[in-house]
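Visitor:
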Amino acid sequence: MKKRILLILLAAVLVLSAAACTKPAEKTNSDISSDIASLDSSAVDSSSSENVLSSEGKSEESSSNPSSSQPASSNAASSQPTQTPSNSNEEKLLIGAFCGIDPNYADEQHIKEAAEAGIHMLFIDAELRNAALLKMINQWCEKYGIKWLLTDPSLYGVGGHFNDIANITKNYASLSAFAGNIIRDEPGADQFDVLGNAISLYKKALPGKLGFINLLPTYANSTTQLNAPNYQSYVDQYVAKVPTDYICVDFYPCTRLSDDTKTTLAGYCDNLDIVSTAARKSGREFWSFIQTTTWSDGHRLPDETDIRWQMYTNLAFGATAMFHFTYSTPTGGGGESFKYAMIDKSGKKTDIYYAAQKVDAEFNAFSSVYMKYKSLGAFSHNSASASSYLTFKNQYKGFSTIKSVNCAEPLLIGCYESKTGSSKAFTVVNMSELSLNKSTTVTLELANAKKVTSYQGGKAKVLTGNAGKYTINLACGEGAFVTVE
Numbered sequence: 021m022k023k024r025i026l027l028i029l030l031a032a033v034l035v036l037s038a039a040a041c042t043k044p045a046e047k048t049n050s051d052i053s054s055d056i057a058s059l060d061s062s063a064v065d066s067s068s069s070e071n072v073l074s075s076e077g078k079s080e081e082s083s084s085n086p087s088s089s090q091p092a093s094s095n096a097a098s099s100q101p102t103q104t105p106s107n108s109n110e111e112k113l114l115i116g117a118f119c120g121i122d123p124n125y126a127d128e129q130h131i132k133e134a135a136e137a138g139i140h141m142l143f144i145d146a147e148l149r150n151a152a153l154l155k156m157i158n159q160w161c162e163k164y165g166i167k168w169l170l171t172d173p174s175l176y177g178v179g180g181h182f183n184d185i186a187n188i189t190k191n192y193a194s195l196s197a198f199a200g201n202i203i204r205d206e207p208g209a210d211q212f213d214v215l216g217n218a219i220s221l222y223k224k225a226l227p228g229k230l231g232f233i234n235l236l237p238t239y240a241n242s243t244t245q246l247n248a249p250n251y252q253s254y255v256d257q258y259v260a261k262v263p264t265d266y267i268c269v270d271f272y273p274c275t276r277l278s279d280d281t282k283t284t285l286a287g288y289c290d291n292l293d294i295v296s297t298a299a300r301k302s303g304r305e306f307w308s309f310i311q312t313t314t315w316s317d318g319h320r321l322p323d324e325t326d327i328r329w330q331m332y333t334n335l336a337f338g339a340t341a342m343f344h345f346t347y348s349t350p351t352g353g354g355g356e357s358f359k360y361a362m363i364d365k366s367g368k369k370t371d372i373y374y375a376a377q378k379v380d381a382e383f384n385a386f387s388s389v390y391m392k393y394k395s396l397g398a399f400s401h402n403s404a405s406a407s408s409y410l411t412f413k414n415q416y417k418g419f420s421t422i423k424s425v426n427c428a429e430p431l432l433i434g435c436y437e438s439k440t441g442s443s444k445a446f447t448v449v450n451m452s453e454l455s456l457n458k459s460t461t462v463t464l465e466l467a468n469a470k471k472v473t474s475y476q477g478g479k480a481k482v483l484t485g486n487a488g489k490y491t492i493n494l495a496c497g498e499g500a501f502v503t504v505e
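Residue numbers for the sequence shown, in my numbering: 21 to 505.
#1: Applying the 10 Å Cβ sphere with the 16-neighbour rule, what's the burial state of residue 400?
#2: Note down, in chain order, each residue of its chain lying with its Cβ closer than 6 Å to the Cβ of residue 211, except the 5 sequence neighbours on either side.
#3: Would you call the CB atoms of residue 347 and residue 294 closer than 8 Å?
#4: For residue 409, write down the residues that DSSP places opposite it in a beta bridge.
#5: Which residue comes first and which comes last in the beta strand (DSSP E) that contains residue 274?
#6: How close, in whole Å, do the beta carbons of residue 373 and residue 319 come, if the pair is a contact with beta carbons under 8 Å?
#7: Please name the residue, chosen from 461, 404, 233 and 417, that lies closest to residue 176 on a Cα-to-Cα basis.
#8: If you run the structure through DSSP and keep just helix, strand and coil, what is residue 384?
#9: Leaving out five residues on either side along the sequence, give the residues of the same chain with a beta carbon under 6 Å from the beta carbon of residue 84.
#10: Does DSSP put residue 73 in a helix, in a strand, or in coil?
#11: Quick check on the burial criterion: 16 or more other C-beta atoms within 10 angstroms. Buried or exposed for residue 432?
#12: Within this structure, are the beta carbons of residue 207 and residue 215 separated by less than 8 Å?
#13: Could you give the residue range of the beta strand (DSSP E) that holds residue 110?
#14: For residue 181, which three-state DSSP category applies?
#15: Contact between the stretch 475-494 and the stretch 451-467 is defined here as three or more beta-carbon pairs at a separation below 8 Å; is this criterion met?
#16: Between the Cα of residue 483 and the Cα atoms of 327, 260 and 502, which residue gives the shortest distance?
#17: Does the distance from the C-beta atom of residue 371 to that of residue 349 stay below 8 Å?
#18: Helix or strand or just coil, what does DSSP make of residue 468?
#19: Do you know offhand how far residue 500's Cα is from residue 245's?
#20: Do residue 369 and residue 133 have their C-beta atoms closer together than 8 Å?
#21: Using a Cβ distance threshold of 8 Å, determine whether the stretch 276-286 contacts the stretch 408-425, with at least three qualifying pairs required.
#22: To which residues of the same chain is residue 435 closer than 7 Å at the C-beta, ignoring the five residues directly before and after it?
#23: Would you kindly work out how many angstroms separate the C-alpha atoms of residue 375 and residue 330, rounded to a whole number?
#24: With H, G and I counted as helix, E and B as strand and the rest as coil, what does DSSP make of residue 219?
#25: Assuming contact is defined by CB atoms lying nearer than 8 Å, are residue 324 and residue 378 in contact in what I supplied?
#26: According to DSSP, is residue 229 part of a helix, a strand, or is it coil?
#27: If you draw a straight line from the C-alpha of residue 238 to the C-alpha of residue 405, how long is it?
#28: Can you tell me whether residue 315 is helix, strand or coil according to DSSP?
#29: Measure the CB-CB distance between residue 313 and residue 261 and report whether it falls below 8 Å.
#30: Leaving aside the five residues before and after residue 185 along the sequence, list all residues of the same chain whose C-beta is less than 8 Å from its C-beta, in chain order.
#31: What's the gap between the Cα of residue 423 and the Cα of residue 468?
#32: The alpha helix (DSSP H) with residue 253 in it runs from where to where?
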């Protein structure tokens, strides 16, 4: 779907000498984090999502609730980006947004609002690549601690001019908040040889910048889209041929019935498992997209619970970067009709903006703690009642920190170990079907736990155990990140 948006925009660029949509180039999470930290240190008003939380960990009221709007769609990711604007050099979870700036509202106020939503990186359309305008956008992004990725038609897809990268990017590559270029969205495996060479050339021409590629989901057609025998082969070929420092994928799970009943698209966790496992085995970061709009009768407009659930689910699989799809509302095309996203077609904030802002703030509050750990894998609990979307093959079995799990509802548990020490961590997510609106209580028996800290709802809380057992309450779609020392 993102591919269609990009192709429509690129066609407009060729006809109108305008441009299209954008995605990041080759970096790492620590690289981008350092870049954003440096921007923040000089920011006049860095409205990071961490600033949305009060000292009590509660969301401060920022504005009235959303206006109605019409959604957009997005694609996605980049190498390893930084996240929340802060004045430290701590590595942070990266939160970005596709269709980051509506060409009709490319001004300081709208970039400030993106920062206030807890976003650290914006994907910018090719339509905005005018040199003078990019300098202004860069100035505003720098002011509010945001990085930006540009879609440049000359560097997009298998027809890109990758032997002339330095010349093509000479008007913007040196700008302080520039993070990279989107090289291809949702390519088939038949393009991996060319794209692998493109990424290699990009890294040499623009070291430290992101050459961004985003993969197709499992529900893509093997013959007409994946161009591979099956999805595992598709991902394996990418790993073998394309030297990105991350693997990014989009899977949009928030669907609906004709009566508006919430449903969850089958295969969600299976897709995240396949990609995150490949990333882990090849020493790469796992990145993903978060659905924040609708474009068809079968997909619903996500609410706060939907957004939180998607982000915790991806976190459980070890995601270090997540991108909202989308921020502004795309015009659509190719059979897609976007309603509204975080920003509607009139440039106004919507209910989705406020929902995402709240969830982003919660994640930014423990972002630097989370990034001190590396993912080991994930496993499910009571998956039978949620089998269509919770089932996945690579169930992690070696996490001795959790001795037992007691919960009546289905759960997803992501496992981590410290990058530098001996402490462990895990994410536990309520995986009950969201339409049921079920809360649940989880009791976990932990081994050798001296200090257990839960990060939930934007707050850190030291848990008190009873004979080695710890209890966590989870609302519908909620998760918790827990460290064990």
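All residues carry an ideal CB built from backbone N, CA and C; glycine is no exception.
Guide: In short, the structure shows the following:
#1: Burial of residue 400 is indicated by the presence of at least 16 other C-beta atoms within 10 angstroms of its C-beta.
#2: Same-chain partners within the cutoff: 178.
#3: If you check the CB distance, residue 347 and residue 294 do not come in under 8 Å.
#4: DSSP lists no partner for residue 409.
#5: Boundaries of the beta strand (DSSP E) harbouring residue 274: 274-276, taken from the DSSP string.
#6: Their Cβ separation, rounded to whole angstroms, is 18 Å, which puts residue 373 and residue 319 out of contact at 8 Å.
#7: It is 233 whose Cα lies nearest to the Cα of residue 176.
#8: Under the three-state reduction of DSSP, residue 384 is assigned to helix.
#9: Residue placement at residue 84 is flagged as unreliable, the pLDDT there being 35, under the threshold of 50; a coordinate-derived value is accordingly withheld.
#10: Unreliable positioning characterises residue 73 in this predicted model, as indicated by a pLDDT of 29, which lies under 50. The coordinate reading is nonetheless provided below. Judged by DSSP in its simplified three-state form, residue 73 adopts strand.
#11: Residue 432 sits buried, since 16 or more C-beta atoms from the chains shown fall within 10 Å of its C-beta.
#12: At the C-beta level, residue 207 and residue 215 come within 8 Å of one another.
#13: Segment: none, residue 110 is in no beta strand (DSSP E) and carries neither H nor E.
#14: Residue 181: coil per DSSP, three-state reduction.
#15: Taking 8 Å as the limit for Cβ pairs, the verdict is that the stretch 451-467 does touch the stretch 475-494.
#16: Out of 327, 260 and 502, 502 has the C-alpha closest to the C-alpha of residue 483.
#17: Result no, Cβ atoms of residue 371 and residue 349 do not sit closer than 8 Å.
#18: DSSP places residue 468 in coil when its eight states are reduced to three.
#19: One C-alpha to the other measures close to 36 Å.
#20: The answer is yes: Cβ separation under 8 Å.
#21: The way I'd put it, the stretch 276-286 does touch the stretch 408-425; three or more beta-carbon pairs between them come closer than 8 Å.
#22: Only 396, 397, 398, 416, 419 and 446 meet the Cβ criterion.
#23: Rounded to whole angstroms, residue 375 to residue 330 spans 13 Å at the Cα level.
#24: Residue 219: helix per DSSP, three-state reduction.
#25: Inclusion of residue 324 and residue 378 in the CB contact set at 8 Å is warranted, their separation being smaller than that value.
#26: Looking at residue 229 - three-state DSSP - the assignment turns out to be coil, as it is neither helix nor strand.
#27: The alpha-carbon separation between residue 238 and residue 405 amounts to approximately 21 Å.
#28: Note: residue 315 maps to coil in three-state DSSP.
#29: Contact flag unset, no.
#30: Excluding positions up to five away in sequence, the list reads 175, 221, 222, 225 and 226.
#31: Cα to Cα, residue 423 sits roughly 10 Å from residue 468.
#32: Counting along the chain, the alpha helix (DSSP H) containing residue 253 begins and ends at 251-261.
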